[in-house]
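Using numbering that gives the first Met the number 0, you'd call the opening residue of the sequence shown number 0 and step up by one each time. The beta carbon of each residue, even a glycine, is placed where N, CA and C say it ideally should be. Since this is a predicted model, take the numbers as computed values, not measurements. The structure appears right after this line, and notes come after that.
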Amino acid sequence: MNEQKSFQDNSFGSLFLIPTPIGNLEDMTFRAVRQLEDVDLIAAEDTRNTKNLLNHFKIDTTQISFHEHNKVQRIPELIEKLKKGINIAQVSDAGTPSISDPGKELVQEAIKQGINVIPLPGATASITALIASGLVPQPFYFYGFLTRKGKQRNEEIEDIVNRVETSIIYESPFRVLKTLDDIRKVAGDDRQIVTARELTKIHESFVRGAIKEVKQWFVEHDPKGEFVIVVSGKKQVSEINVDNTDIKKEVQALIDDGYKPKAAIKEIANLVNKSKNEVYDIYHEL
Ligand code: SAM
């Protein structure tokens, strides 16, 4: 059990989690600027990168590096400082700390030690992409980066494709095409997909449509810049017409997409809440 009263006197310092812009410096909040000025120390993923931000806002708070490769030694040092009453802000290179970025282990240790962890709301590519996607915004599933290859990647994609929630994936421009293709192999040609590129920057753009169209678009236009991929959820039983002609059509569509007949029957049986045998009979009899 742990109760935190964020703004009551505490002999320890506080750990402030401060989002930074994902491209557009004007997305820095007044509170974030003020808090970065007020703390004693800023723990930054890349101090040179954060220095540019601090210079822009004329903030001269001292920085210390805190990233994936030094976190094991850095966390005890930061916790010791916090316990001495030093206020620390943690920032990542862009967006919200801990969201596909360093932070979570520091947060966990601070909580364990009774240190107040105070979050500021602010920029994140995930929600920014989601709200303009045009897809159902809730419920959503934020995944972040997929594993780059192997069995685990396949399992991650299968899980995402089978979710009823809208899913949000972060992807590098070099793998956008492959990821779209991998999703298409499992979800079929028609799943609605949105790519959000270079959010908040001058080249911000969205491509929205069926996955086969979006994929084709990127075959013709080289993916460049930073990307979020938003995948619409799997249709729920209540949303699909479960009459037998449709079931047959859906099975056939999956087979045309490259599914083995047995796998297609299983997939549709799952979707319409019928046994594989029933769907097999419908498919073969009609
Ligand atoms: N902490 C960040 C956040 O809150 O969104 C995410 C950091 S993660 C290391 C970087 C990834 O976020 C990029 O590869 C991209 O997928 C996504 N991203 C960050 N900025 C973006 C932007 N301006 N437009 C689109 N995607 C962006």
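- Item | Per DSSP, cross-strand counterpart(s) of residue 162 | Position 163 of the sequence shown, counting from 1, holds the residue named residue 162. In DSSP, residue 162 forms no bridge with anything.
- Item | Cβ-Cβ distance between residue 226 and residue 170 below 9 Å | Within the sequence shown, numbered from 1, the residue matching residue 226 stands at position 227. Within the sequence shown, numbered from 1, the residue matching residue 170 stands at position 171. The answer is yes: Cβ separation under 9 Å.
- Whole alpha helix (DSSP H) runs in the stretch 70-122 with 4 or more residues, listed along the chain? DSSP assignment within the stretch 70-122 yields the following whole alpha helix (DSSP H) runs of 4 residues or more, N-terminal first: 70-82, 103-111.
- Item | Counterpart residues of residue 230 in DSSP-defined beta bridges | Reading the sequence shown from its first residue, position 231 is the one you call residue 230. In the DSSP output, where bridge partners are listed per residue, residue 230 has 166, 192.
- When the Cα of residue 24 is compared with those of 94, 66, 10, which residue comes out closest? The residue labelled residue 24 in the question sits at position 25 within the sequence shown. Per the C-alpha coordinates, the member of 94, 66, 10 positioned closest to residue 24 is 94.
- Using a threshold of 9 Å, state whether the C-beta atoms of residue 96 and residue 168 are closer than that. Here residue 96 refers to the residue found at position 97 of the sequence shown. Here residue 168 refers to the residue found at position 169 of the sequence shown. It is not a contact, given that the beta carbons lie outside the stated cut-off.
- If we ignore side chains and look at the alpha-carbon of each, how far apart do residue 30 and residue 119 end up? Numbered from its first residue, the sequence shown carries residue 30 at position 31. Numbered from its first residue, the sequence shown carries residue 119 at position 120. Approximately 8 Å, taken between the alpha carbons.
- Residue environment, residue 0, which counts as buried when at least 16 other CB atoms sit within 10 Å: Taking the first residue of the sequence shown as position 1, residue 0 is located at position 1. When all chains shown are included, residue 0 counts as exposed.
- Message: Is the beta carbon of residue 92 closer than 9 Å to that of residue 49?
- Response: On the sequence shown, residue 49 is found 50 positions in, with the first residue counted as 1. On the sequence shown, residue 92 is found 93 positions in, with the first residue counted as 1. Yes; because the gap between Cβ atoms is below 9 Å, this pair is in contact.
- Span separating the alpha-carbon of residue 4 from that of residue 33: As a first step, residue 4 is located in the sequence shown; it is residue number 5 there, counting from the start. As a first step, residue 33 is located in the sequence shown; it is residue number 34 there, counting from the start. Taking the straight line from one Cα to the other gives about 21 Å.
- Message: Under DSSP, the beta strand (DSSP E) around residue 206 begins and ends at which residues?
- Response: Position 207 of the sequence shown, counted from the start, is the residue given in the question as residue 206. Where residue 206 is concerned, the enclosing beta strand (DSSP E) stretches over 204-209.
- Task: Just grab the DSSP bridge partners of residue 62 for me.
- Result: Here residue 62 corresponds to residue number 63 of the sequence shown, with the count starting at 1. According to DSSP, residue 62 bridges with 41.
- Task: Output the distance between the C-alpha atoms of residue 267 and residue 231, rounded to the nearest integer angstrom.
- Result: Sequence index remark: in the sequence shown, residue 267 carries index 268 (1-based). Sequence index remark: in the sequence shown, residue 231 carries index 232 (1-based). As the crow flies, the alpha-carbon of residue 267 is around 18 Å from that of residue 231.
- Any idea what DSSP makes of residue 24, helix, strand or coil? As a position in the sequence shown, residue 24 is number 25, starting the count at 1. Note: residue 24 maps to helix in three-state DSSP.
- Task: Using DSSP bridges, identify the partner residues of residue 19.
- Result: As a first step, residue 19 is located in the sequence shown; it is residue number 20 there, counting from the start. DSSP, once it has assigned bridges, lists 94 as partnering residue 19.
- Message: Within 10 Å of its beta-carbon, does residue 262 have 16 or more other beta-carbons around it, so buried, or fewer, so exposed?
- Response: As a working note, residue 262 is residue 263 in the sequence shown. Exposed, because fewer than 16 other Cβ atoms sit within 10 Å of the Cβ of residue 262.
- Own chain partners of residue 108 with C-beta closer than 7 Å, once the 5 adjacent residues on each side are dropped: As a working note, residue 108 is residue 109 in the sequence shown. Hits under 7 Å: 74, 78.
- Separation of residue 122 from residue 55, as counted between CA atoms: As a first step, residue 55 must be located in the sequence shown, where it is residue number 56. As a first step, residue 122 must be located in the sequence shown, where it is residue number 123. Whole-angstrom Cα-Cα distance: 17 Å.
- Task: Compare the C-alpha of residue 113 against each of 9, 72, 160 and name the closest.
- Result: Counting from 1 along the sequence shown, the entry for residue 113 is found at position 114. Ranked by Cα distance from residue 113, the first of 9, 72, 160 is 9.
- Does DSSP put residue 134 in a helix, in a strand, or in coil? In the sequence shown, the residue the question calls residue 134 occupies position 135. Here residue 134 sits in coil by DSSP.
- Hey, quick one: how far does the alpha helix (DSSP H) through residue 258 stretch, first residue to last? In the sequence shown, the residue the question calls residue 258 occupies position 259. No alpha helix (DSSP H) holds residue 258; DSSP gives it neither H nor E.
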